[in-house]
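Each step along the sequence shown adds one to the number in our numbering, with nothing skipped, and position 319 is 879.
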Amino acid sequence: MDTRTRLAARVQEIAPFHVMEVQTAARALEAAGRSVVHMEIGEPDFPTPGPVISAAHEAIARGDIYYTSALGIPALREAIARHYRDRLGVRVSPERVIVTAGSSAALLLTLALLVNHDDAILLADPGYPCNRHFVRTLEGEAVGIPVGPQSNYQLTADLISAAWTPRTRGALIASPSNPTGTMVAFEEMRRIAAAVDARGGELIVDEIYLELSYAEKPRTALELSDSLFVISSFSKYFNMTGWRLGWLVAPETAVRDIEKLAQNLYISPPTVSQRAALACFSPDTLAIVEERRREFQARRDFLVPALRDLGFGIPVMPTGGFFVYADCSPFGMDSERFCVEALQATGVAFTPGIDFGRHRAEDHVRFAYTIALDKLHDGVRRLASWLPRLSRT
Ligand SMILES: Cc1ncc(COP(=O)(O)O)c(C=O)c1O
Numbered sequence: 561m562d563t564r565t566r567l568a569a570r571v572q573e574i575a576p577f578h579v580m581e582v583q584t585a586a587r588a589l590e591a592a593g594r595s596v597v598h599m600e601i602g603e604p605d606f607p608t609p610g611p612v613i614s615a616a617h618e619a620i621a622r623g624d625i626y627y628t629s630a631l632g633i634p635a636l637r638e639a640i641a642r643h644y645r646d647r648l649g650v651r652v653s654p655e656r657v658i659v660t661a662g663s664s665a666a667l668l669l670t671l672a673l674l675v676n677h678d679d680a681i682l683l684a685d686p687g688y689p690c691n692r693h694f695v696r697t698l699e700g701e702a703v704g705i706p707v708g709p710q711s712n713y714q715l716t717a718d719l720i721s722a723a724w725t726p727r728t729r730g731a732l733i734a735s736p737s738n739p740t741g742t743m744v745a746f747e748e749m750r751r752i753a754a755a756v757d758a759r760g761g762e763l764i765v766d767e768i769y770l771e772l773s774y775a776e777k778p779r780t781a782l783e784l785s786d787s788l789f790v791i792s793s794f795s796k797y798f799n800m801t802g803w804r805l806g807w808l809v810a811p812e813t814a815v816r817d818i819e820k821l822a823q824n825l826y827i828s829p830p831t832v833s834q835r836a837a838l839a840c841f842s843p844d845t846l847a848i849v850e851e852r853r854r855e856f857q858a859r860r861d862f863l864v865p866a867l868r869d870l871g872f873g874i875p876v877m878p879t880g881g882f883f884v885y886a887d888c889s890p891f892g893m894d895s896e897r898f899c900v901e902a903l904q905a906t907g908v909a910f911t912p913g914i915d916f917g918r919h920r921a922e923d924h925v926r927f928a929y930t931i932a933l934d935k936l937h938d939g940v941r942r943l944a945s946w947l948p949r950l951s952r953t
């Protein structure tokens, strides 16, 4: 950066994504002829389902490429509302569904709607890093609350109540979580919603991995109240990361203000992606993504015990998404060095905990099971032949 350019303070406080740096180092190894097992990547390896691609081709052929309403096309808002009714058993009016440019935009819009200068938002540490950076960008304070296996690596009503101050505006929960893959039990979510409500705050629930759940039938926080902000995405369950499409279900009274923000921040969500996403809810697409969900579950069922056998600490079984957050402290080095050395020695790439917060970040790494089972086996084999050579603590 030109040294004459004066940057805003917020930029200095926003950390880069270390996972991207791991990925760059992994790609450099590959370019030098080494084979790499990629367990650092947080997006599904599956291609976008065929019916979705066909719907996109048809939209382009029709010339359907113009801006849409900032809230999204009505047909898609209705289809999402129907999906909540049919799949998750909850009635949501389509007027409350706002289609966004990825769930990233849904998170940004919600926080822009709620956060004033110096307002605090409570988040789990470890957690998805962009959230604290969104809050910082909006001049608020992201308050990371240390969480561990006792609470499934999630916030609880008690943790939220203990951390609440007059500056607290609300809490943001991702269930299942990135990086831990763990969920908030539904009854705990009920207590959380009541605790936040009793304090006059707002609860934002990021459910982008909800339909990639492996334990029991997923339940959306929308069952609990009409005044929550619930965020979701086409990126993960529907394998559409690059299409940049997500959504937000907001309290009815907030929709008009969110529309104003969306109009000004990015005009409208991508048109072709919206037309394509209409095919997500067809029986054919749902059959494809459900099959893939079972494949993710089979990968998890292999990877978690295999990593435990290698000596990683995984005290809570992840029940959603495609991440395993593993304690690497038995191997005697901090997680950043551990990732670098593992990559150099074995060609297995995974992400250091520092991407996800401060709490015991140096003791943890994140593995993503976004590669096929045979590659996961290969990665585990490589680690198995390297780890015994390290001096264990
Ligand atoms: C917990 C969580 N929320 C939100 C996002 C943003 O996803 P997208 O903008 O692709 O919907 C991610 C991406 O990895 C995530 O892990």
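From the three backbone atoms N, C-alpha and C, an ideal C-beta is built for every residue, glycine too.
Around the CB of HIS617, fewer than 16 other CB atoms lie within 10 Å, so the residue is classed as exposed. Annotation: the continuous beta strand (DSSP E) that includes TRP807 extends over 806-809. Within a 10 Å sphere around the beta-carbon of SER833 sit 16 or more other beta-carbons, which makes this residue buried. Taking 8 Å as the cut-off, one finds no heavy atom of ligand 1 near enough to the beta carbon of ILE613. Inter-residue distance for ARG942 and MET893 is about 19 Å (C-alpha atoms, whole angstroms).
Less than 9 Å separates the beta-carbon of LEU732 from that of ILE764. Ranking VAL650, TRP803, ASP679, ALA758 by CA distance to the CA of ALA665 puts TRP803 first.
In this structure, ligand 1 has a non-hydrogen atom nearer than 8 Å to the beta-carbon of ASN738. Residue environment for GLY593: exposed (fewer than 16 other C-beta atoms within 10 angstroms of its C-beta).
For ASP766, the CB falls within less than 8 Å of some heavy atom of ligand 1. Runs of the alpha helix (DSSP H) spanning 4 or more residues and lying entirely within the stretch 786-836 occur at 815-826, in chain order. Shown here, LEU950 sits in coil according to DSSP, grouped into three states, outside any helix or strand. When the beta-carbon positions are compared, SER773 and PRO736 come within less than 9 Å of each other. Taking C-beta separations shorter than 6 Å and ignoring five residues to either side along the sequence, the partners of ILE768 in its chain run SER663, SER792, SER793, LYS796, following chain order. A Cβ-Cβ contact shorter than 9 Å links ALA837 with MET800. In the three-state reduction of the DSSP assignment, PHE891 falls in the helix class.
Residue pairing by DSSP places HIS924 opposite ASP887 in a beta bridge. Within the same chain, and ignoring the five residues on either side of PHE898 in sequence, the residues whose Cβ sits closer than 8 Å to its Cβ are CYS888, PHE891, PRO912, VAL925.
Shortest Cα-Cα distance from PRO829 to any of ILE633, ILE620, ALA928 involves ILE633. ILE931 carries a coil assignment under DSSP once its states are collapsed to helix, strand and coil.
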